[in-house]
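Presented below is the structure to which this report refers.
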Amino acid sequence: MNQEREKEIIERFTENLNQKEKVNEVAVIGRDKEIKQLIYILSRMMKNNPLLVGKPGVGKTAIVEGLVQKIKQDQVPNYLQGKTIYQLDMISLRAGTKFQGELETRLKVILNYMARPENNAILFIDEIHMIMGDGGVQGVLNVANLLKPMLSRSEIQCIGATTQEEYRQYLEKDEALARRFSNILVDEPSPEDTLDILRNIRNYFEIYYELKVYDEALLAAVKFSRRYLTTTYLPDKAIDLLDETCGRVRSEM
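If you use my numbering, the sequence shown corresponds to residues 2 to 254, in order.
In structure tokens, the structure reads:
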């Protein structure tokens with residue numbers, strides 16, 4: 002495959018997090034321990050693929066973005082300096098694949114790119130359980146089957162993220178895949194850390210909605226999301242509540 006076609010596939014089905022503007026602007030709050038665990042696992046000779054496991058909305062992707070920030074700021078050990086983290090878009094990768102071989106062709110290009118030493122790349126797969134499937138989605142099982150041998154030979158490094166439920170339902174049952182990863186448990190952030198997160202992103206709401214967002218609104222978002230949104234988790238539920246409130250205020254102006 003020529004370089005132009007390879008570049009097209011990489012740009013279409015992955016996102017270079019090192020170049021993502023938001024990743025470089027928004028500080029990651031209260032996740033130093035998890036980022037250190039990421040760095041430690043990536044340094045290992047074996048089982049050097051971190052797997053972030055936590056409830057939906059607790060900020061697993063933000064931890065990877067925190068690692069990207071440290072790479073960009075040269076605050077990582079030598080073996081991580083200059084690394085580029087690419088996030089795989091599983092939904093786009095699977096979209097429009099009418100035939101079994103199309104998915105594998107796309108993925109092989111991506112994995113081969115990640116494996117070449119000169120590209121200095123780490124693959125990040127959010128919702129990594131999607132590579133497993135249950136046989137009901139055509140071609141899904143082959144994603145895991147292509148990934149496993151490359152992980153076992155240490156040809157690529159991969160960071161995954163999933164929930165506890167989906168880990169137990171999918172990954173844990175595939176011992177050959179599960180043993181290639183080292184799990185990092187990601188807990189829900191504290192209300193105090195959530196408030197700091199909201200303060201850190203307040204500017205984006207103020208610019209988008211053309212409103213002044215006071216601390217009282219941030220405190221209320223944390224307080225009432227904890228009280229009433231009991232089936233979802235911080236910080237996402239507080240962010241969603243703040244977003245909904247700002248939208249409602251603007252619609253009534």
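Ideal Cβ placement from N, Cα and C applies to all residues, glycine included.
Inter-residue spacing [alpha-carbon to alpha-carbon] between residue i and residue j
i, j, result
"Asp-197", "Lys-84", "29 angstroms"
"Met-254", "Glu-211", "11 angstroms"
"Ser-155", "Arg-251", "52 angstroms"
"Lys-37", "Pro-78", "11 angstroms"
"Glu-35", "Gly-248", "33 angstroms"
"Gln-74", "Glu-207", "27 angstroms"
"Asp-188", "Asn-3", "44 angstroms"
"Val-24", "Ile-185", "21 angstroms"
"Leu-147", "Glu-105", "8 angstroms"
"Gln-76", "Gly-67", "11 angstroms"
"Lys-174", "Tyr-209", "44 angstroms"
"Ala-116", "Thr-231", "42 angstroms"
"Thr-195", "Ile-123", "28 angstroms"
"Ala-162", "Leu-52", "6 angstroms"
"Arg-6", "Asp-216", "49 angstroms"
"Arg-13", "Asp-33", "31 angstroms"
CB contact flag (residue i, residue j, <8 angstroms)
i, j, result
"Asp-127", "Thr-62", "yes"
"Gln-1", "Glu-167", "The structure shown does not extend to residue 1, since the chain is modelled only from 2 through 254, so no value can be given for it."
"Ile-86", "Val-65", "yes"
"Pro-192", "Arg-228", "no"
"Leu-112", "Leu-94", "no"
"Ala-96", "Asn-201", "no"
Range of the contiguous beta strand (DSSP E) that encloses residue i
i, result
"Ala-122", "122-127"
"Leu-89", "85-89"
"Glu-16", "15-17"
Reduced DSSP category for residue i - H, G, I as helix; E, B as strand; rest coil
i, result
"Glu-253", "coil"
"Ile-185", "strand"
"Gly-55", "strand"
"Glu-103", "helix"
"Asn-49", "coil"
"Glu-245", "helix"
"Gly-67", "helix"
"Gly-140", "Low confidence applies to Gly-140: its pLDDT is 46, below 50, so where it sits in the model is not reliable, and the reading given next is rough at best. In this structure, Gly-140 counts as coil in the three-state DSSP scheme."
Same chain, Cβ closer than 8 angstroms to residue i, five either side skipped, listed in chain order
i, result
"Gln-165", "Val-54, Gly-55, Lys-56"
"Asn-49", "Ile-42, Leu-43, Ser-155, Gln-158, Ser-183"
"Arg-203", "Val-214, Leu-219"
"Glu-170", "Reading the sequence as shown, one finds Gln at residue 170 and not Glu. Contacts found: His-130."
"Ile-40", "Leu-68, Lys-71, Val-77, Pro-78, Leu-81"
"Phe-225", "Leu-242"
"Ala-222", "Leu-199, Ala-239, Ile-240, Leu-242, Leu-243, Thr-246"
Neighbourhood of residue i by C-beta distance below 6 angstroms, restricted to the same chain and skipping five residues each side
i, result
"Lys-149", "Ala-177, Leu-178"
"Ile-132", "Val-144, Ala-145"
"Pro-190", "Gly-31, Leu-235, Pro-236"
"Lys-8", "none"
"Leu-18", "Val-24, Val-69, Ile-86, Gln-88"
"Met-91", "Met-131"
Alpha helix (DSSP H) segment containing residue i, residue limits
i, result
"Ile-132", "No alpha helix (DSSP H) holds Ile-132; DSSP gives it neither H nor E."
"Ile-157", "Ile-157 -> no alpha helix (DSSP H), and no H or E assigned at all."
"Ile-208", "192-210"
"Glu-176", "176-179"
"Val-223", "216-229"
CB contact below 8 angstroms: residue i versus chain D
i, result
"Pro-150", "The structure shown contains no chain D; it holds only a single protein chain."
Residues near residue i by beta carbon distance below 7 angstroms, same chain, minus five either side
i, result
"Leu-152", "Asn-50, Cys-159, Arg-181"
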